[in-house]
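Asks:
Here's what the structure looks like:
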């Protein structure tokens with residue numbers, strides 16, 4: 001064990017799927033990779049780098065098969081040509097133009113939209129528009145009711161037939177711990193607070209909008225995260241876009257991951273600091289940027305940077321990857337920079353007791369300077385929070401844009417968060433919270449494994465409840481969404497511009513509320529649709545495990 | 001001919017050498033020197049310490065609902081600080097509509113609008129708002145601040161020009177900053193200044209007509225300004241719009257549900273055709289006593305935000321119970337249009353009663369439900385002014401009237417308004433309470449400022 005050499009390899013190099021062979025916690029594990037069926041190569045598991053990781057870190061991004069890439073480009077090419085043709089026909093009035101148009105009185109104003117901006121919208125997005133904005137009419141739990149809508153003019157307009165499609169298995173909502181419920185302790189508590197406090201607040205935190213409920217929530221969140229102090233805000237997106245400018249300004253440096261969420265990018269831009277991007281989850285790229293920044297200082301003037309802030313997310317929602325937090329923290333300590341961790345998807349979803357990615361890696365929450373997260377996903381409510389040292393939170397209470405100008409959180413939403421956090425921590429006297437966290441972990445492992453056995457290309461980390469399944473070709477985006485809906489399963493499909501143009505995918509979000517039967521039904525249908533649409537691109541098919549029953553403890557996974 | 005070739009060769013040689021010089025400079029530092037630099041570098045602390053007595057650090061704690069009678073820091077007061085203009089915060093019908101929604105949908109929506117986060121309540125609320133405002137379409141955001149801050153950058157990009165009033169609120173300023181457009185500030189409510197800027201832009205355009213043909217122009221104004229309580233001269237703006245071909249974005253957070261015969265805002269107040277305004281944005285956190293915001297206008301304009309509004313596409317949708325509360329509030333507004341008259345009468349009453357307080361001047365229109373009381377004479381520094389006003393506010397709080405100072409981020413505002421006390425009028429306040437508030441403020445001003 002001790003004579004094995006360790007090397008640090010970025011995730012982008014891990015283009016082969018590896019599964020651990022007899023992984024034992026804390027020790028080196030060896031990773032067996034199948035390159036093709038004839039050779040077997042051993043690579044030291046990259047993760048136990050100097051003992052930073054206490055558990056195996058399995059992340060894979062299989063390369064796009066060459067033929068598929070070529071066909072995808074061809075597909076987009078054909079669509080673009082047809083797009084030009086249709087635009088031409090619309091311009092010459094051969095085809096009726098169904099776009100909304102400018103007012104007659106304002107026809108001589110400068111056009112509001114450039115024709116090219118909307119090319120993608122008119123000609124590509126419009127064809128498969130029915131995959132998105134699907135209206136639902138029940139609680140967004142494991143099963144959901146959807147309003148049926150049809151289009152008689154190829155998605156330009158929709159009409160509702162009035163019928164409701166019932167009990168669709170919901171694999172699209174961010175309901176990781178199943179707290180989206182219309183009955184139960186959380187809902188009852190929220191109802192009580194609603195009748196006492198009302199729905200709105202009508203004032204900002206700094207003026208007359210700071211209710212006792214908000215103070216209670218913030219103390220509880222601080223305790224949950226294991227930090228000194230916390231502050232809550234009404235919108236997760238706004239938490240990033242309004243607080244990053246308060247923390248850094250001109251003369252500071254922000255190092256942001258390639259695939260960061262729009263709210264982080266907006267917050268970084270609004271702050272006025274210099275932004276540099278490092279490759280996704282690539283610690284060498286980050287280290288290089290840190291070294292260069294400190295050695296060379298600000299561009300042109302060479303003055304030293306005032307501070308350096310690293311922006312990363314816990315789970316990246318489009319890739320399903322988990323940040324390499326132990327290495328980021330080691331780098332941050334070595335180069336004296338600050339870490340801003342956005343746990344929008346990972347809080348509640350990772351870690352043996354749902355405390356997020358910090359607990360998942362067994363690290364100290366005090367090492368993360370700014371712990372940010374949202375209440376929308378695992379807590380079934382709305383809003384965001386920031387946790388950290390008392391000085392940080394005091395500063396944000398005074399200088400955050402949200403505290404001074406934005407209305408504070410609605411009381412029943414606050415109560416839902418309080419009740420669900422207490423449930424996860426086990427303080428409500430039941431075991432529900434812990435059971436749900438474990439159920440989610442089991443569901444994740446099971447679902448990901450079965451999909452890989454079937455032969456789909458699945459991105460991301462083994463433990464992330466966000467499961468992206470690669471589709472690649474534009475026509476398959478629409479086809480997959482529609483076929484799954486026919487079989488009563490609601491999925492989310494994503495294409496350009498949320499993802500690179502050839503890497504469109506379907507994204508499943510697992511939930512603790514999904515039972516094994518629901519997952520099996522979903523897997524059966526995915527298998528069928530996968531065969532129908534020829535989506536099984538993976539060339540490294542996993543050998544299926546012998547069918548064995550679910551067992552309770554899955555945190556030390558032993559496979560053979 | 002030989003000379004020019006010789007010069008050319010010398011020039012090329014010079015270029016070759018200058019390039020290598022630059023490369024050498026960068027790799028001049030040895031590894032050891034780099035490590036020393038890394039060792040020596042000391043960053044600033046993440047946040048500077050905040051003094052314990054900073055006025056914005058110690059929040060008032062409200063125990064219980066922030067309704068007409070409010071318990072602040074343990075003391076029961078009459079609420080003159082929450083923007084609950086129509087008194088709908090405590091309305092039983094609104095609460096029961098929200099309860100019904102809570103029983104049907106739970107609390108959160110668990111997703112953005114694009115991914116199973118669109119509920120039938122959202123669609124209904126958008127339809128109702130569009131119908132109420134008599135526009136083609138409306139779009140809802142889950143956070144009031146994010147509404148205008150996402151709407152502006154969806155249309156105005158780098159290279160476009162935006163003329164904005166000096167007294168625009170912070171949300172508009174952030175929207176403009178995110179848009180990266182050229183911002184031109186005109187003096188508050190000064191149409192002559194705006195026309196001057198427009199004329200200047202026109203002469204610029206004539207110099208470069210090709211660029212002018214693709215540069216979009218916008219005017220961003222508020223119906224009732226949050227920072228000054230003034231109304232914007234909309235009829236003159238419409239004239240300027242058609243004369244100089246600029247589009248108008250109107251922010252109606254304070255005037256929605258306040259101005260106009262039926263509460264439709266400043267367009268109804270002035271009798272202007274709503275299609276003349278390109279985009280109306282408002283938040284639902286004042287008159288509608290809910291959370292969130294909406295934009296309304298023609299489909300040609302609003303539909304664009306469904307794919308380009310950052311706060312719409314990348315954020316979870318509004319919790320259904322808050323949308324149901326807003327729908328019920330709209331119902332009440334439509335059923336009893338006389339509350340707007342009542343509110344206006346109350347505003348006029350207190351506006352008159354607050355005149356003549358020695359030391360404080362009233363800033364705002366007589367029909368504006370959110371007024372400011374500023375010091376007639378400043379003490380010299382903003383800090384001292386704030387402290388003085390705090391004493392006035394504390395005096396009033398101790399005697400049962402809850403007031404607050406208007407809070408700003410002093411270093412971030414483009415044109416920082418002077419410190420002031422915010423006085424908010426709601427329909428629930430009785431005439432005795434209004435008179436009591438006015439006389440109490442007179443007393444407080446007397447004792448503190450003299």
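Protein chains in written order, with full-length UniProt numbering: chain H, 1 to 560; chain X, 1 to 450. Note that beta-carbon positions come from the ideal geometry of N, C-alpha and C, so glycine has one too.
Taking Cβ-Cβ distances shorter than 7 Å, what residues in chain X pair up with residue 480 of chain H?
Replies: Here residue 480 of chain H refers to the residue found at position 480 of the first chain. Those do not exist, as residue 480 of chain H stays about 14 Å from chain X at its closest Cβ, beyond 7 Å.
Asks: Alpha carbon to alpha carbon, how far is residue 416 of chain X from residue 373 of chain X? Give it in angstroms, no decimals.
Replies: Here residue 373 of chain X corresponds to residue number 373 of the second chain, with the count starting at 1. Here residue 416 of chain X corresponds to residue number 416 of the second chain, with the count starting at 1. Going from the Cα of residue 373 of chain X to the Cα of residue 416 of chain X covers about 15 Å.
Asks: Identify the contact partners of residue 423 of chain H in chain X, using a Cβ-Cβ distance below 7 Å as the criterion.
Replies: Position 423 of the first chain, counted from the start, is the residue given in the question as residue 423 of chain H. Result: empty, since nearest Cβ-Cβ is about 13 Å, beyond 7 Å.
Asks: Can you tell me the Cα-Cα spacing of residue 300 of chain X and residue 101 of chain H, whole angstroms?
Replies: Walking along the second chain from the start, residue 300 of chain X turns up at place 300. Walking along the first chain from the start, residue 101 of chain H turns up at place 101. Those two C-alpha atoms are separated by around 6 Å.
Asks: Against residue 121 of chain H, what residues of chain X qualify as contacts under a CB-to-CB distance less than 7 Å, listed in chain order?
Replies: The count along the first chain starts at 1 and reaches residue 121 of chain H at position 121. Under the 7 Å cutoff, chain X gives 307.
Asks: Using a 10 Å radius around the Cβ and a threshold of 16 neighbouring Cβ atoms, would you call residue 219 of chain X buried or exposed?
Replies: Position 219 of the second chain holds residue 219 of chain X. Result: buried.
Asks: Under 9 Å Cβ-Cβ, which residues of chain C neighbour residue 408 of chain X?
Replies: The question asks about chain C, but that chain is absent: this structure's protein chains are H and X.
Asks: So, is the C-beta of residue 105 of chain X closer than 9 Å to a C-beta in chain H?
Replies: On the second chain, position 105 is the one that residue 105 of chain X refers to. Yes, because at least one Cβ of chain H sits closer than 9 Å to the Cβ of residue 105 of chain X.
Asks: Could you check the C-alpha separation between residue 400 of chain H and residue 336 of chain H for me, to the nearest Å?
Replies: Here residue 400 of chain H refers to the residue found at position 400 when the first chain is read from its first residue. Here residue 336 of chain H refers to the residue found at position 336 when the first chain is read from its first residue. Each residue's alpha carbon lies about 24 Å from the other.
Asks: Strictly below 7 Å CB to CB, what residues from chain X border residue 237 of chain H?
Replies: As a first step, residue 237 of chain H is located in the first chain; it is residue number 237 there, counting from the start. By Cβ distance, chain X contributes 146, 311, 314 and 315.
Asks: Starting from residue 297 of chain X, trace the beta strand (DSSP E) both ways and give me its first and last residue.
Replies: Translated into positions along the second chain, residue 297 of chain X becomes position 297. Segment 293-297, the beta strand (DSSP E) holding residue 297 of chain X.
Asks: How should residue 296 of chain X be labelled, buried or exposed, when 16 other C-beta atoms within 10 angstroms of its C-beta is the threshold for buried?
Replies: Position 296 of the second chain, counted from the first residue, corresponds to residue 296 of chain X. Counting Cβ neighbours within 10 Å, residue 296 of chain X comes out buried, since at least 16 surround it.
Asks: What three-state label does DSSP hand residue 230 of chain H in the structure shown?
Replies: In the first chain, counting from the first residue as 1, residue 230 of chain H sits at position 230. Strand at residue 230 of chain H.
Asks: So is residue 142 of chain X in contact with chain H if we call contact Cβ pairs under 9 Å?
Replies: Taking the first residue of the second chain as position 1, residue 142 of chain X is located at position 142. So, interface residue.
Asks: Determine, using beta carbons only, whether residue 234 of chain H and residue 291 of chain X come nearer to each other than 9 Å.
Replies: The residue you call residue 234 of chain H lines up with position 234 of the first chain. The residue you call residue 291 of chain X lines up with position 291 of the second chain. Yes, they are a contact pair.
Asks: Classify residue 284 of chain X: buried if its beta carbon has 16 or more other beta carbons within 10 angstroms, exposed otherwise.
Replies: Along the second chain, read from residue 1 onward, the residue named residue 284 of chain X stands at position 284. Buried, by the Cβ-count rule.
Asks: Does the beta-carbon distance from residue 319 of chain X to residue 381 of chain H come in below 9 Å?
Replies: For the purposes of this step, residue 319 of chain X is taken as the residue at position 319 of the second chain. For the purposes of this step, residue 381 of chain H is taken as the residue at position 381 of the first chain. In contact: residue 319 of chain X and residue 381 of chain H (Cβ atoms closer than 9 Å).
Asks: Going by alpha carbons, who is nearest to residue 451 of chain X out of X/88, X/419 and X/392?
Replies: Residue 451 of chain X lies beyond the range of chain X shown here (1 to 450); nothing can be said about it.
Asks: At least one CB of chain H closer than 9 Å to the CB of residue 367 of chain X: is that the case?
Replies: Residue mapping note: residue 367 of chain X aligns to position 367 of the second chain, counting from 1. Chain H, which has no Cβ nearer than 9 Å to the Cβ of residue 367 of chain X, makes this no.
Asks: Taking its Cβ as the centre, do 16 or more other Cβ atoms sit within 10 Å of residue 209 of chain X, making it buried, or is it exposed?
Replies: Position 209 of the second chain, counted from the start, is the residue given in the question as residue 209 of chain X. The residue in question, residue 209 of chain X, is exposed, as its Cβ has fewer than 16 Cβ neighbours within 10 Å.
Asks: Please determine, among X/202, X/206 and X/237, the residue with the shortest C-alpha to C-alpha distance to residue 191 of chain X.
Replies: The sequence position of residue 191 of chain X within the second chain is 191, counting from 1. Nearest option by C-alpha distance: X/237.
Asks: Here's the rule: buried if 16 or more other CB atoms are within 10 angstroms of the residue's CB, otherwise exposed. What is residue 279 of chain X?
Replies: Along the second chain, read from residue 1 onward, the residue named residue 279 of chain X stands at position 279. By the 10 Å Cβ count, residue 279 of chain X comes out buried.
Asks: Would you identify the three-state DSSP class for residue 170 of chain H, choosing helix, strand or coil?
Replies: To locate residue 170 of chain H, count along the first chain from 1; it is residue 170. Looking at residue 170 of chain H - three-state DSSP - the assignment turns out to be strand.
Asks: Could you round the C-beta distance between residue 460 of chain H and residue 320 of chain H to whole angstroms and report it? I think they count as a contact, below 8 Å.
Replies: The sequence position of residue 460 of chain H within the first chain is 460, counting from 1. The sequence position of residue 320 of chain H within the first chain is 320, counting from 1. Right, the Cβ-Cβ distance comes to about 2 Å (below 8 Å), so this counts as a contact.
Asks: Quick check on the burial criterion: 16 or more other C-beta atoms within 10 angstroms. Buried or exposed for residue 169 of chain X?
Replies: Start at 1 with the first residue of the second chain, and residue 169 of chain X comes out as number 169. That one is buried.
Asks: Hey, is the region 347-361 of chain X in contact with the region 442-457 of chain H, meaning 3+ C-beta pairs nearer than 8 Å?
Replies: With a cut-off of 8 Å, the region 442-457 of chain H and the region 347-361 of chain X do not count as touching, because too few Cβ pairs lie within range.
Asks: Excluding the 5 residues preceding and the 5 following residue 126 of chain H in the sequence, name in chain order all residues of the same chain whose CB lies nearer than 8 Å to its CB.
Replies: Position 126 of the first chain holds residue 126 of chain H. Around residue 126 of chain H: 154, 155 and 156.
Asks: In this structure, does DSSP put residue 439 of chain X in helix, strand or coil?
Replies: Residue numbering aside, residue 439 of chain X sits at position 439 when the second chain is read from its first letter. In this structure, residue 439 of chain X counts as helix in the three-state DSSP scheme.
Asks: How would you list, in chain order, the residues of chain H whose beta-carbon sits under 7 Å from the beta-carbon of residue 199 of chain X?
Replies: If you number the second chain from 1, residue 199 of chain X lands on position 199. Ordered by position in chain H, no residue passes the 7 Å Cβ test against residue 199 of chain X, which lies about 17 Å from the chain.
Asks: Give a yes or no on whether the minimum CB-CB distance between residue 90 of chain X and chain H is below 9 Å.
Replies: Stepping through the second chain from its first residue, residue 90 of chain X is reached at position 90. It does; some Cβ of chain H falls within 9 Å.
Asks: So, is the C-beta of residue 24 of chain X closer than 9 Å to a C-beta in chain H?
Replies: Residue mapping note: residue 24 of chain X aligns to position 24 of the second chain, counting from 1. Because the pLDDT of residue 24 of chain X is 49, which lies under 50, any placement of that residue in the model is unreliable, and the question is left without a value.
Asks: Cβ closer than 7 Å: which chain H residues qualify as neighbours of residue 54 of chain X?
Replies: By 1-based counting over the second chain, the position of residue 54 of chain X is 54. 398, listed in chain order.
Asks: Report the three-state DSSP secondary structure of residue 468 of chain H (helix, strand or coil).
Replies: For the purposes of this step, residue 468 of chain H is taken as the residue at position 468 of the first chain. DSSP places residue 468 of chain H in strand when its eight states are reduced to three.
Asks: From the DSSP secondary-structure annotation, give me the bridge partner or partners of residue 10 of chain X.
Replies: What you label residue 10 of chain X is simply residue 10 of the second chain in a count that begins at 1. Per DSSP, none; premise fails for residue 10 of chain X.
Asks: Run through chain H and tell me which residues come within less than 8 Å of residue 110 of chain X, C-beta to C-beta.
Replies: Translated into positions along the second chain, residue 110 of chain X becomes position 110. Chain H residues near residue 110 of chain X: 140, 173, 174, 175, 180, 376, 377 and 380.
Asks: Against chain H, with Cβ distances strictly below 9 Å, would residue 81 of chain X count as a contact?
Replies: Here residue 81 of chain X refers to the residue found at position 81 when the second chain is read from its first residue. So, interface residue.
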